[in-house]
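Peer 1: Sharing a structure with you now.
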Amino acid sequence: MPFSYKNDHQIYRSDYQAPHFKVHNYELTITLDPTQTQIAGKFELQFNDTCQAPFEIKLHGSNELVLTQIFIDEKPLDPSEYIFDNNHLVLILSQKNNVIEIINTIDPSSNTALSGIYLSNEMFFSDCEPQGFRNITYFFDRPDVMTNYRVKLIADKKYPVLLSNGNLIEEGEYSQTAHYAIWEDPFFKPTYLFAIVAGDLEYIEDTHIRPDGKPVRLRVYADKKDIHRCQFSLDSLKKAMKWDEERFNLVCDLDYYNLVAVDDFNSGAMENKGLNLFNTSCILATPETATDNEFNFVEAVVGHEYFHNWTGNRITCQDWFNLSLKEGLTVFREQEFISQEQHPGIRRIEDVNFLRTYQFPYDQGPLSHAVRPDAVGSIENIYTTTTYEKGAEIIRLYQTILGKEGFDKGFQRYIKEFDGMAATVDDFYQAMKSENPRLFDSFPLWYSQRGTPILKAATHYDADKKELRLSLKQSLYDPISKALQNPMPIPVKYALFSQKGEILLEETFTLTTHEQCLVFHNIEELPVISLLRDFSAPVVLDYDYSLAELKTLIAYETDYFAKWEALQNLVIKVVFSQELSKTQMAHLIADAFEPLFEFAYQDPAFCALLLTFADDGYYLGLMETENILSLRHTREKIETHIATRFKEEWLKLYHDFQDDHVDSRAIKNIALQFLSFLPECQALITEQYKTATNMTDISWALKYAVWQDIPQKEAMIQDYYEKYQDYSTLIDRWFGLQERNPHLTMETLDKIVNHPGFNRQNPNRARAIVGAIGRNRYALAKIGTPLYQWIANEILIIDAINSVTAARLITPFTKLARLPNPLQTEVTAIINGMMKAPNISNNLFDQLKRILQ
Ligand code: 0A1
Ligand code: ZN
Numbered sequence: 001m002p003f004s005y006k007n008d009h010q011i012y013r014s015d016y017q018a019p020h021f022k023v024h025n026y027e028l029t030i031t032l033d034p035t036q037t038q039i040a041g042k043f044e045l046q047f048n049d050t051c052q053a054p055f056e057i058k059l060h061g062s063n064e065l066v067l068t069q070i071f072i073d074e075k076p077l078d079p080s081e082y083i084f085d086n087n088h089l090v091l092i093l094s095q096k097n098n099v100i101e102i103i104n105t106i107d108p109s110s111n112t113a114l115s116g117i118y119l120s121n122e123m124f125f126s127d128c129e130p131q132g133f134r135n136i137t138y139f140f141d142r143p144d145v146m147t148n149y150r151v152k153l154i155a156d157k158k159y160p161v162l163l164s165n166g167n168l169i170e171e172g173e174y175s176q177t178a179h180y181a182i183w184e185d186p187f188f189k190p191t192y193l194f195a196i197v198a199g200d201l202e203y204i205e206d207t208h209i210r211p212d213g214k215p216v217r218l219r220v221y222a223d224k225k226d227i228h229r230c231q232f233s234l235d236s237l238k239k240a241m242k243w244d245e246e247r248f249n250l251v252c253d254l255d256y257y258n259l260v261a262v263d264d265f266n267s268g269a270m271e272n273k274g275l276n277l278f279n280t281s282c283i284l285a286t287p288e289t290a291t292d293n294e295f296n297f298v299e300a301v302v303g304h305e306y307f308h309n310w311t312g313n314r315i316t317c318q319d320w321f322n323l324s325l326k327e328g329l330t331v332f333r334e335q336e337f338i339s340q341e342q343h344p345g346i347r348r349i350e351d352v353n354f355l356r357t358y359q360f361p362y363d364q365g366p367l368s369h370a371v372r373p374d375a376v377g378s379i380e381n382i383y384t385t386t387t388y389e390k391g392a393e394i395i396r397l398y399q400t401i402l403g404k405e406g407f408d409k410g411f412q413r414y415i416k417e418f419d420g421m422a423a424t425v426d427d428f429y430q431a432m433k434s435e436n437p438r439l440f441d442s443f444p445l446w447y448s449q450r451g452t453p454i455l456k457a458a459t460h461y462d463a464d465k466k467e468l469r470l471s472l473k474q475s476l477y478d479p480i481s482k483a484l485q486n487p488m489p490i491p492v493k494y495a496l497f498s499q500k501g502e503i504l505l506e507e508t509f510t511l512t513t514h515e516q517c518l519v520f521h522n523i524e525e526l527p528v529i530s531l532l533r534d535f536s537a538p539v540v541l542d543y544d545y546s547l548a549e550l551k552t553l554i555a556y557e558t559d560y561f562a563k564w565e566a567l568q569n570l571v572i573k574v575v576f577s578q579e580l581s582k583t584q585m586a587h588l589i590a591d592a593f594e595p596l597f598e599f600a601y602q603d604p605a606f607c608a609l610l611l612t613f614a615d616d617g618y619y620l621g622l623m624e625t626e627n628i629l630s631l632r633h634t635r636e637k638i639e640t641h642i643a644t645r646f647k648e649e650w651l652k653l654y655h656d657f658q659d660d661h662v663d664s665r666a667i668k669n670i671a672l673q674f675l676s677f678l679p680e681c682q683a684l685i686t687e688q689y690k691t692a693t694n695m696t697d698i699s700w701a702l703k704y705a706v707w708q709d710i711p712q713k714e715a716m717i718q719d720y721y722e723k724y725q726d727y728s729t730l731i732d733r734w735f736g737l738q739e740r741n742p743h744l745t746m747e748t749l750d751k752i753v754n755h756p757g758f759n760r761q762n763p764n765r766a767r768a769i770v771g772a773i774g775r776n777r778y779a780l781a782k783i784g785t786p787l788y789q790w791i792a793n794e795i796l797i798i799d800a801i802n803s804v805t806a807a808r809l810i811t812p813f814t815k816l817a818r819l820p821n822p823l824q825t826e827v828t829a830i831i832n833g834m835m836k837a838p839n840i841s842n843n844l845f846d847q848l849k850r851i852l853q
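Under full-length UniProt numbering, the first residue of the sequence shown carries the number 1, and numbering increases by one thereafter.
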């Protein structure tokens with residue numbers, strides 16, 4: 001790589017040094033003003049006994065801060081008494097105990113990065129994870145420095161609601177035009193959990209009664225126009241509180257618990273102590289405006305943020321390399337909550353599907369990193385599906401290996417031992433190990449080795465000896481260095497079925513070496529094996545099931561995941577076979593679908609999932625060289641055949657499941673999806689769009705109209721826009737239709753850019769447009785270089801506004817190594833061009849550099 005690029009910098013885990021001081025009683029007085037907000041922060045600093053004078057501290061800051069004055073023990077410092085070193089404020093102190101006061105100003109109106117304090121719809125919000133506090137004032141902006149906060153907010157009365165973390169202590173008039181509120185958070189916390197909100201918001205409220213009878217006041221705040229869409233999230237919060245008490249014995253520790261909806265937000269939501277902030281896309285839900293999937297999502301995100309109160313807030317991370325300590329664990333807790341609240345099998349399947357469609361390719365690609373990495377170019381870039389979803393799978397591995405009881409014991413020990421502290425994934429492992437001495441010593445390798453292990457399985461049945469041999473072999477090659485890695489403990493849940501479908505045995509075996517063979521005796525006839533039930537480990541299973549075996553499993557498996565997986569495997573086996581014609585493929589898959597029409601009446605929601613083909617991305621990942629055009633061609637053949645052959649069955653399902661129930665909508669809309677392939681049935685799409693009273697039905701009808709390019713498409717698109725133009729999240733969905741628009745052209749892109757709703761400042765809109773276009777694999781393959789160039793230009797423009805959002809839009813470029821030539825060479829040149837952009841951010845540069853390495 002040429003050396004004309006900006007300076008490369010890496011942060012290493014091994015550089016970690018524990019703080020040599022303690023901080024107490026952080027008092028913040030924040031006088032809010034859109035362009036000149038004043039921050040006055042005062043704290044007690046006490047150096048450890050082992051320190052010697054002179055004592056040096058480095059406070060994090062940023063270009064956003066304008067320093068007014070510093071006081072040490074009430075004595076103003078002369079500018080000659082402090083120095084700035086690369087955005088750090090360095091103070092040399094002579095005493096072990098000090099009271100430090102710093103006053104500075106910031107300009108929230110110019111904060112387009114949305115990190116620190118910023119404006120959204122003329123209200124004040126904050127977002128500090130991971131390192132946003134340094135955009136507010138000079139302080140120790142690292143997760144292992146924790147203190148208690150008392151925050152006084154002063155603002156004009158046109159911002160009637162003033163919120164911060166913890167409990168409200170006092171509020172009142174400050175002047176004729178201004179008022180104030182004081183919030184105190186009794187729990188020690190790091191800066192990234194600090195938050196404020198100020199604005200003209202409305203709220204709804206409820207109460208949660210804790211097991212000891214004490215109430216917690218719950219509120220959801222939102223803009224006046226959105227407040228009627230908040231009841232579902234308030235109910236979800238109550239459910240999450242109850243669930244955490246029942247499942248893990250964890251009780252809410254604050255008297256006030258507030259959720260706030262905000263339009264402009266970098267992530268989905270944020271777990272600030274007692275003041276969770278939510279992207280409006282993750283909190284607002286009514287049947288008229290949100291699909292059933294979005295309802296499920298809201299419930300999950302509200303649960304997730306609440307569960308952080310213990311896993312993240314009471315016990316935080318020592319450093320950001322250990323981010324998965326809180327994120328993997330909290331995603332796992334969220335998954336367990338949802339599996340109990342919703343269908344017991346569906347969430348697991350959706351999670352596995354997500355993991356394999358996004359995390360697996362990511363972990364095999366150029367951005368692959370260990371769940372706990374040793375070095376990173378930018379902290380913001382650790383917020384990946386590896387940290388979150390693979391991290392959650394690792395927590396699940398503990399539970400699978402140790403059983404629920406062993407896991408719960410280890411978890412309770414972790415909570416008890418580390419409450420109030422900043423911990424690491426090793427600490428979590430140690431807590432588990434202390435309660436479960438049999439836990440494998442090799443377990444932590446799951447945190448340190450990147451890549452997805454391959455589990456190769458083979459069986460041999462000896463009819464004379466009535467013996468079945470199962471050999472299991474694991475291998476993991478580092479995706480970047482290609483070196484063979486150490487074997488990790490891989491729990492394999494399996495079952496043996498008779499040919500008639502009876503379960504002969506169900507067990508779990510944990511493979512800890514590279515290779516091992518299991519022998520089963522007294523097996524009277526050739527059995528059918530089902531491996532990796534419940535997706536018991538995040539691995540790629542390589543086992544050659546026969547079509548007959550897969551059919552047995554589709555019919556008789558009792559494990560939701562394994563039943564679904566058998567059908568997936570059948571589709572893959574057929575679609576990727578070298579011998580079959582497309583017609584034969586279609587017939588074989590249709591045969592497998594046939595019995596499911598009956599099953600739909602037993603479990604419609606699960607059946608809908610069985611009848612759903614995986615995303616293109618999943619199949620593309622399985623191809624040696626990605627060929628979306630041929631994949632689409634094959635898919636269309638198969639889908640049209642299934643639509644035609646079962647036309648009557650689809651129509652029956654469509655009409656039988658017209659009642660107002662989430663499960664019915666799921667199966668009805670799958671039926672409509674297949675019917676949409678048949679021109680004579682396409683009137684059902686427009687009919688459903690016109691008569692639907694809920695967003696699920698409207699949204700599916702609109703999608704099918706676009707995917708099938710039906711004549712009424714344009715009128716529907718126009719109608720939707722007119723109806724919902726005031727609902728930003730609904731318009732995001734409208735823009736997002738481009739994700740699977742097979743007719744996307746460079747001219748369409750011009751129209752989008754010139755549309756009044758095109759807005760790069762709002763992360764949701766940027767993602768809805770640029771992200772969706774980047775996921776349109778068909779258009780990327782068909783248009784090629786000009787589309788990649790368009791995406792690159794957009795990313796660079798967005799980078800100057802908000803680098804966190806920009807860096808998350810680069811997914812299409814991560815597939816570089818899999819692109820055919822000359823496209824690969826041309827896209828490499830585009831990436832090189834982006835890296836030379838004069839003001840490229842660290843976040844974006846770091847990602848692009850890794851793609852080219
Ligand atoms: N901790 C939040 C989400 C979050 C993600 C990324 C961030 O900055 C790059 C900040 C917050 C959660 O897990 O809900
Ligand atoms: Zn989280």
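All C-beta atoms, glycine included, are put in the ideal place defined by N, C-alpha and C. Note that this is a predicted model, so its numbers are computed, not measured.
In chain order, what are the residues with a CB under 5 Å from some non-hydrogen atom of the ligand ZN?
Peer 2: Qualifying residues, in the order they occur: E327, T330.
Peer 1: Leaving out five residues before and five after residue 855 in sequence, what residues of the same chain have Cβ atoms less than 6 Å from its Cβ?
Peer 2: The requested residue 855 does not occur in the structure, where the chain is confined to residues 1 to 853.
Peer 1: What do you reckon, are the CB atoms on R142 and P190 nearer than 8 Å?
Peer 2: Contact: yes.
Peer 1: Would you call M241 buried or exposed, if buried means 16 or more other Cβ atoms sit within 10 Å of its Cβ?
Peer 2: The residue is buried, with at least 16 neighbouring Cβ atoms inside 10 Å.
Peer 1: Tell me which same chain residues have a C-beta within less than 7 Å of the C-beta of Y543, skipping the five on either side of it?
Peer 2: Correct list, in chain order: A457, L531.
Peer 1: Give the C-beta separation of V753 and L809 to the nearest angstrom, bearing in mind that I take them to be a contact with Cβ-Cβ under 8 Å.
Peer 2: Not quite, the Cβ-Cβ distance comes to about 15 Å (not below 8 Å), so this is no contact.
Peer 1: From this set, A537, L162, L89, I72, which residue's C-alpha is nearest F140's C-alpha?
Peer 2: Among A537, L162, L89, I72, the Cα nearest to that of F140 is on L89.
Peer 1: Would you kindly work out how many angstroms separate the C-alpha atoms of R850 and N87, rounded to a whole number?
Peer 2: Rounded to whole angstroms, R850 to N87 spans 26 Å at the Cα level.
Peer 1: Could you compute how far the alpha carbon of T385 sits from the alpha carbon of L325?
Peer 2: Spanning the two alpha carbons is a distance of roughly 14 Å.
Peer 1: Label E294 either buried or exposed according to how many other C-beta atoms from any shown protein chain fall within 10 Å of its C-beta, with 16 as the threshold for buried.
Peer 2: Burial call: buried.
Peer 1: Please go through the same chain and pick out, in chain order, the residues whose beta-carbon is closer than 6 Å to the beta-carbon of F3, but skip the five residues on each side of it.
Peer 2: With a pLDDT of only 41 at F3, under the threshold of 50, the placement of this residue in the model should not be trusted; the figure read from the coordinates follows. Nothing meets the Cβ criterion.
Peer 1: Are the beta-carbon atoms of D615 and R665 separated by less than 8 Å?
Peer 2: No, these two residues do not count as a Cβ contact at 8 Å.
Peer 1: So I338 and E299 are in contact, right, with Cβ under 8 Å, and what is the actual spacing, rounded?
Peer 2: I338 to E299, Cβ: 7 Å. Contact.
Peer 1: What do you get for E549, buried or exposed, if any count of 16 or more other CB atoms within 10 angstroms of its CB means buried?
Peer 2: Buried.
Peer 1: Output the distance between the C-alpha atoms of residue 858 and F561, rounded to the nearest integer angstrom.
Peer 2: Residue coverage of the chain in this structure runs from 1 to 853, which leaves residue 858 outside it and unanswerable.
Peer 1: If I measure Cβ to Cβ from E639 and keep anything under 8 Å in the same chain, skipping five residues before and after, which residues do I get?
Peer 2: Here the set comprises F613, F674, F677.
Peer 1: Quick check on C51: buried or exposed, where buried means 16 or more other Cβ atoms within 10 Å of its Cβ?
Peer 2: So C51 counts as exposed.
Peer 1: Going by DSSP in three states, T330 sits in which element: helix, strand or coil?
Peer 2: Looking at T330 - three-state DSSP - the assignment turns out to be helix.
Peer 1: Between the C-alpha atoms of L445 and N486, what's the straight-line distance to the nearest angstrom?
Peer 2: When rounded, the distance between both Cα atoms is 8 Å.
Peer 1: Using only alpha-carbon positions, find the residue among W310, E350, Y118, R314 that is nearest to I136.
Peer 2: The candidate whose alpha carbon is nearest that of I136 is Y118.
Peer 1: Look at the alpha carbon of Y16 and the alpha carbon of Y362, and state the distance between them as a whole number of angstroms.
Peer 2: Approximately 27 Å between the Cα atoms of the pair.
Peer 1: Check whether the Cβ atoms of F188 and I100 lie closer than 8 Å to each other.
Peer 2: Contact: no.
Peer 1: According to DSSP, is D185 helix, strand or coil?
Peer 2: The answer is strand: DSSP assigns D185 an E or B state.
Peer 1: May I ask you to report which of helix, strand or coil DSSP gives P215?
Peer 2: In the structure shown, P215 sits in a strand (DSSP, three-state: E or B).
Peer 1: What are the start and end residues of each continuous alpha helix (DSSP H) run of 4 or more residues lying completely inside the region 440-466, in chain order?
Peer 2: Those alpha helix (DSSP H) runs which fall completely within the region 440-466 and span 4+ residues are 445-448.
Peer 1: Can you grab the Cα-Cα spacing for the pair M1 / T828, in whole Å?
Peer 2: Residue confidence is low: M1 scores 41 on pLDDT, short of 50, so the model does not pin down where it sits. No coordinate-derived value is stated.
Peer 1: With a cut-off of 8 Å on the beta carbons, I'd call T35 and S109 a contact; round off their distance for me.
Peer 2: Confirmed, about 5 Å.
Peer 1: Any heavy atom of the ligand 0A1 within a distance shorter than 7 Å of the CB on P143?
Peer 2: No, the ligand 0A1 has no heavy atom inside 7 Å of this Cβ.
Peer 1: Should residue 854 go down as buried or exposed, given a rule of 16 or more other Cβ atoms within 10 Å for buried?
Peer 2: Shown here, the chain extends from 1 to 853; a query on residue 854 therefore has no answer.
Peer 1: Check each candidate in A198, T729, K465, F84 and name the one with the smallest Cα separation from F520.
Peer 2: Taking only the C-alpha atoms, the option nearest F520 is K465.
Peer 1: Would the C-beta of Y306 count as close to the ligand SAM, meaning under 7 Å from any of its heavy atoms?
Peer 2: By its list of ligands, the structure shown excludes the ligand SAM, since it contains just the ligand 0A1 and the ligand ZN.
Peer 1: Could you round the C-beta distance between A705 and M716 to whole angstroms and report it? I think they count as a contact, below 8 Å.
Peer 2: Confirmed, Cβ separation roughly 5 Å.
Peer 1: Is K22 closer than 8 Å to Q46 when the C-beta atoms are compared?
Peer 2: Yes. Within cutoff.
Peer 1: On the DSSP letters alone, give me the boundaries of the beta strand (DSSP E) that G41 sits inside.
Peer 2: Where G41 is concerned, the enclosing beta strand (DSSP E) stretches over 37-47.
Peer 1: Run through the region 540-624 for me and flag every whole beta strand (DSSP E) of 3 or more residues, listed as ranges in chain order.
Peer 2: With a minimum length of 3 residues, the continuous beta strand (DSSP E) runs that stay inside the region 540-624 are 540-542.
Peer 1: For H661, write down the residues that DSSP places opposite it in a beta bridge.
Peer 2: Per DSSP, none; premise fails for H661.
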